[in-house]
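Participant: Just dropping this structure here.
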Amino acid sequence: MRAFVSLSFAALAIASLTASAQAPAKMLAAPQAAPKEQLAAPQVPPMGWNSWNYFAGKVDDKAIRDAADQLVSSGMKDAGYTYVNIDDTWEGERDANGVLHTNAKFPDMPALADYVHSKGLKIGIYSSPGPKTCAGYEGSLGHEEQDAKTYAEWGIDYLKYDLCSFNEQVMKKQAPNDRANQMRLMIDAYSRMDKALKATGRPIIYSLCQYGWDSVWEWGPSVGANLWRSTDDIAPTWDRVYVILNQQEGLEKYSGPGHWNDPDMLEVGNGKLSLAENRTHFSMWAMLAAPLLAGNDLPNMRPEIKAILTNRDVIAIDQDPLGHQGARIYSDGEVDVWTRPLSGGALAIAVVNAGSDRYLTHPFHLNLYKLGLAETQSAKDLWTGKAVELKDNMSLELASHDVLLVRLDAPMRLASRP
Ligand code: GAL
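My numbering numbers the first residue of the sequence shown as 19 and each following residue consecutively.
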C-alpha cells in the first residue's frame with residue numbers, strides 16, 4: 019500500500035526565524051576533471067531501456083524490436099525514453115580483416131538500427147576493453163578503432179564499455195601486484211575507445227562500466243565519458259537498491275550536464291520488488307539525476323509498473339535542466355531525507371522509510387529546519403498528484419520501503435540555518 023501522509027501536522031512555532039522565497043540554489047563544486055570535447059553530450063541524464071536486467075543472455079533481434087515497439091505503444095517514448103540498448107551477448111566472430119560480426123541472434127544489425135531509428139528512437143550497444151566481455155563474447159582489445167567504425171557504420175548511438183576481462187587479462191598480467199599501474203592501464207583503455215568513437219565523427223554516448231573503481235567520477239570526464247557506473251551491479255532486491263542508493267552519498271558534486279554518475283540500470287518491474295520498493299527505486303534514481311534505463315519486460319509490463327515508469331512529475335525531477343544530483347541531508351532511525359535543488363529555485367524532497375511501517379502511534383516527524391526551510395511549505399506530492407502543505411515537525415505515516423516524494427516550486431527558505 020502507498021504510504022499515507024498524515025495531514026495533521028504538529029507545527030512548531032519558531033517565530034525568530036525569518037524566511038525568504040526562492041533563494042538561489044546552493045552552488046556545487048565543479049567536477050575535478052574538466053570534460054573533454056564531446057560529440058554527444060547529454061545535457062540531461064539519458065533515458066531508455068537496456069536488455070540486460072531482464073533478458074541477460076537471451077536477448078535477440080526480436081526482443082530489441084519488441085522493446086522499441088513497446089516504448090512507443092506504452093507512451094514511454096513520449097515520456098522521454100529514447101535509447102534501446104543491446105547489452106552483452108550480441109557479439110559474433112571477427113573475420114580475416116579483424117572486423118567484428120554479430121552472432122546468429124542478430125542477423126542484420128544495420129537493419130535493426132534502421133528499425134529502431136524508424137520509431138524515432140536511438141540504439142545502443144555494448145563491448146569491453148578486454149579480449150572478452152563479461153559473458154565471454156568477443157571484446158574490443160586491439161580493435162578499438164575498427165569496432166568504433168563498425169558501430170558508426172551500423173548507426174549506433176550509444177556504447178556501454180564494460181571492463182570485464184581487461185582486469186584479469188591485461189591489468190593483472192601487465193602490472194602484477196601494482197594496483198596504481200593497473201588503474202592507469204584501465205584509464206588508458208577507456209581513453210583509447212573515447213578517441214576511437216570521436217574519430218568516427220558520429221555522436222555516440224559513451225557509458226563507462228567499471229563498477230566505480232578508482233573513483234571513476236574523478237577522471238570519467240577526462241576520458242570523454244558521458245556517464246560512468248558508480249557501483250557494482252544492481253539486482254532486483256530492496257537490499258541491493260538501498261545499498262546502491264546510500265553509496266551515492268557525496269558523489270553529487272561530480273555529476274552534471276554532459277557527465278553523469280550512473281548507479282546502474284533500473285530494476286523497476288523486475289524480481290520481487292514490491293510496488294512501494296519500485297516507487298522508491300524510481301523516485302530515488304530521479305533524485306540522483308541518474309540515467310533512467312528501464313530494464314523490465316516491456317511487452318508484459320503491468321499497468322502499475324507502467325504508471326511508475328511514466329510518472330511525468332518524477333521524470334521531470336530526473337531530467338531537471340539544472341542537473342544537480344540530490345543529496346541525503348539527514349537520517350533519523352531508518353528514515354532518510356534527501357533533497358535535490360531544481361531549476362528556477364524549486365526543490366524536491368524525498369523521505370525514504372527503509373525500516374518497517376511507521377504508524378501514527380510512532381510516526382516520522384519531518385524536520386524542515388534541517389532542510390534549511392521555513393515552517394510551512396506548499397508542495398505537490400508526486401505520487402498522488404495532490405497539493406500538500408508541509409509543516410515543520412509534521413507527522414508522516416510511511417509504509418515500509420515506501421517514499422514520500424514532493425516538489426516545492428517556491429520553497430520558503432530560512433535566511434540562515436538555526
Ligand atoms: C556486467 C555489467 C552488467 C552487464 C553484464 C553483461 O559487468 O555490470 O550491467 O552489462 O556485465 O555481461
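Beta carbons are placed, not taken as given, at the ideal position from N, Cα and C, and that holds for glycine.
Using a Cβ-Cβ cut-off of 7 Å (strictly less than) and excluding sequence neighbours within five positions of G351, which residues of its own chain qualify?
Facilitator: One-based indexing of the sequence shown puts residue 351 at position 333. The answer, listed in chain order, is G373.
Participant: Please write down, chain order preserved, every residue whose beta carbon lies under 7 Å from a heavy atom of the ligand GAL.
Facilitator: Here the residues come out as W70, D105, D106, Y144, T151, C152, A153, K178, D180, C182, C227, Y229, R247, D251, D282 and M283.
Participant: Determine the direct distance from the alpha carbon of L423 to that of V332, and round the result to whole angstroms.
Facilitator: On the sequence shown, position 314 is the one that residue 332 refers to. On the sequence shown, position 405 is the one that residue 423 refers to. The alpha-carbon atoms of V332 and L423 are separated by roughly 8 Å.
Participant: What are the partner residues of H342, as DSSP defines its beta bridges?
Facilitator: Translated into the one-based positions of the sequence shown, residue 342 becomes position 324. Answer is none; H342 lacks a bridge partner.
Participant: Can the beta-carbon of D79 be found less than 7 Å from the beta-carbon of L118?
Facilitator: Position 61 of the sequence shown, counted from the first residue, corresponds to residue 79. Position 100 of the sequence shown, counted from the first residue, corresponds to residue 118. No, these two residues do not count as a Cβ contact at 7 Å.
Participant: By how many angstroms is the C-alpha of R112 removed from the C-alpha of K404?
Facilitator: Stepping through the sequence shown from its first residue, residue 404 is reached at position 386. Stepping through the sequence shown from its first residue, residue 112 is reached at position 94. Answer to the nearest angstrom: the Cα atoms are 57 Å apart.
Participant: So which of K191, P317, L57 and V234 has the shortest CA-CA distance to D212?
Facilitator: Residue numbering aside, residue 212 sits at position 194 when the sequence shown is read from its first letter. Residue L57 is the option with its Cα nearest to D212.
Participant: Here's the rule I'm using: 16 or more other beta-carbon atoms within 10 Å means buried, otherwise exposed. How should E322 be labelled?
Facilitator: Mapped onto the sequence shown, residue 322 falls at position 304. It is exposed - the Cβ of E322 has fewer than 16 other Cβ atoms within 10 Å.
Participant: According to DSSP, what are the bridge partners of E109?
Facilitator: Taking the sequence shown and counting its residues from 1, one reaches residue 109 at position 91. Its beta-bridge partners are T120.
Participant: Could you give the distance in angstroms between the alpha-carbon of T151 and the alpha-carbon of S91?
Facilitator: Here residue 151 refers to the residue found at position 133 when the sequence shown is read from its first residue. Here residue 91 refers to the residue found at position 73 when the sequence shown is read from its first residue. The alpha-carbon atoms of T151 and S91 are separated by roughly 33 Å.
Participant: Which full runs of the beta strand (DSSP E) of 3+ residues lie inside the region 329-412, going along the chain?
Facilitator: Correct list: 345-350, 353-359, 365-371, 382-384, 394-399 and 405-409.
Participant: Taking DSSP as the reference, what is the three-state secondary structure of R94?
Facilitator: Taking the sequence shown and counting its residues from 1, one reaches residue 94 at position 76. Rather than Arg, the amino acid found at residue 94 in this sequence is Met. Note: M94 maps to helix in three-state DSSP.
Participant: Please check the pair L226 and R247, which I expect to be a contact at CB under 8 Å, by giving their CB distance rounded to whole angstroms.
Facilitator: Numbered from 1 along the sequence shown, position 208 holds the residue referred to as residue 226. Numbered from 1 along the sequence shown, position 229 holds the residue referred to as residue 247. That belief holds up - the Cβ atoms of L226 and R247 are roughly 6 Å apart, short of 8 Å.
Participant: Y229 to M430, Cα distance in whole Å?
Facilitator: For this step, residue 229 is matched to residue 211 along the sequence shown. For this step, residue 430 is matched to residue 412 along the sequence shown. Distance between the alpha carbons of Y229 and M430 is about 39 Å.
Participant: Going by CA-CA distance only, name the one from S413, W278, V406 and D420 that's closest to W256.
Facilitator: Taking the first residue of the sequence shown as position 1, residue 256 is located at position 238. Checked all of S413, W278, V406 and D420; the closest Cα to W256 is D420.
Participant: Identify the continuous beta strand (DSSP E) that holds A312 and give its terminal residues.
Facilitator: As a first step, residue 312 is located in the sequence shown; it is residue number 294 there, counting from the start. That run of the beta strand (DSSP E) goes L310 to A312.
Participant: For the beta strand (DSSP E) containing D280, name the first residue and the last one.
Facilitator: Position 262 of the sequence shown, counting from 1, holds the residue named residue 280. D280 -> beta strand (DSSP E) spans W278 to D280.
Participant: Along the chain, where does the alpha helix (DSSP H) that runs through W256 open and close?
Facilitator: Here residue 256 refers to the residue found at position 238 when the sequence shown is read from its first residue. Looking at the DSSP string, the run of the alpha helix (DSSP H) that includes W256 is W256 to Q265.
Participant: Does the distance from the C-beta atom of S158 to that of D180 stay below 7 Å?
Facilitator: To locate residue 158, count along the sequence shown from 1; it is residue 140. To locate residue 180, count along the sequence shown from 1; it is residue 162. No; because the gap between Cβ atoms is not below 7 Å, this pair is not in contact.
Participant: Hey, could you find the ends of the alpha helix (DSSP H) N199 is sitting in?
Facilitator: Residue mapping note: residue 199 aligns to position 181 of the sequence shown, counting from 1. It spans R197 to A217 - the alpha helix (DSSP H) in which N199 sits, taken as one unbroken run.
Participant: Leaving out the 5 sequence neighbours to the left and right, which residues in its chain are closer than 8 Å to K95 when beta-carbon positions are compared?
Facilitator: Against the sequence shown, residue 95 aligns to sequence position 77. Excluding residues within five positions, the ones whose Cβ falls inside 8 Å are L89, K137, G138 and L139.
Participant: Using the beta-carbon count (16 or more within 10 Å), is R297 buried or exposed?
Facilitator: By one-based count along the sequence shown, residue 297 stands at place 279. With 16 or more other Cβ atoms within 10 Å, it is buried.
Participant: With C-beta atoms as the reference, is N68 less than 7 Å away from L311?
Facilitator: Counted from its first residue, the sequence shown places residue 68 at position 50. Counted from its first residue, the sequence shown places residue 311 at position 293. For N68 and L311, yes; Cβs fall inside 7 Å.
Participant: Only counting the same chain, and skipping five residues up and downstream in sequence, which positions put a Cβ closer than 8 Å to that of G98?
Facilitator: Here residue 98 refers to the residue found at position 80 of the sequence shown. Taken in chain order, the residues that qualify are M65, L310, I333 and Q337.
Participant: In whole angstroms, what separates the C-alpha of K216 from that of R210?
Facilitator: The sequence position of residue 216 within the sequence shown is 198, counting from 1. The sequence position of residue 210 within the sequence shown is 192, counting from 1. Each residue's alpha carbon lies about 10 Å from the other.
Participant: Rounded to whole angstroms, what is the Cα-Cα separation between E156 and T218?
Facilitator: Here the question's residue 156 lines up with position 138 in the sequence shown. Here the question's residue 218 lines up with position 200 in the sequence shown. Taking the straight line from one Cα to the other gives about 21 Å.
Participant: Rounded to whole angstroms, what's the CA-CA distance from D410 to I347? Just pull it up for me.
Facilitator: To locate residue 410, count along the sequence shown from 1; it is residue 392. To locate residue 347, count along the sequence shown from 1; it is residue 329. Their Cα atoms are separated by approximately 15 Å.
Participant: Between which two residues does the alpha helix (DSSP H) harbouring D165 extend?
Facilitator: By one-based count along the sequence shown, residue 165 stands at place 147. That run of the alpha helix (DSSP H) goes E162 to W172.
Participant: Please check the pair L306 and N279, which I expect to be a contact at CB under 8 Å, by giving their CB distance rounded to whole angstroms.
Facilitator: In the sequence shown, the residue the question calls residue 306 occupies position 288. In the sequence shown, the residue the question calls residue 279 occupies position 261. Right, their Cβ atoms sit about 7 Å apart.
Participant: Using C-beta distances below 6 Å, list every residue in its chain close to P275, excluding the 5 sequence neighbours before and after it, in chain order.
Facilitator: One-based indexing of the sequence shown puts residue 275 at position 257. Contacts found: Q61 and G341.
Participant: Helix, strand or coil for R297, going by three-state DSSP, please let me know.
Facilitator: Indexing the sequence shown from 1 puts residue 297 at position 279. DSSP places R297 in helix when its eight states are reduced to three.
Participant: Find out if the Cβ-Cβ distance for the pair A193, Q200 is shorter than 7 Å.
Facilitator: Indexing the sequence shown from 1 puts residue 193 at position 175. Indexing the sequence shown from 1 puts residue 200 at position 182. For A193 and Q200, yes; Cβs fall inside 7 Å.
Participant: Indicate the three-state DSSP secondary structure (helix, strand or coil) for R320 in the structure shown.
Facilitator: On the sequence shown, position 302 is the one that residue 320 refers to. Three-state DSSP puts R320 in coil, outside helix and strand.
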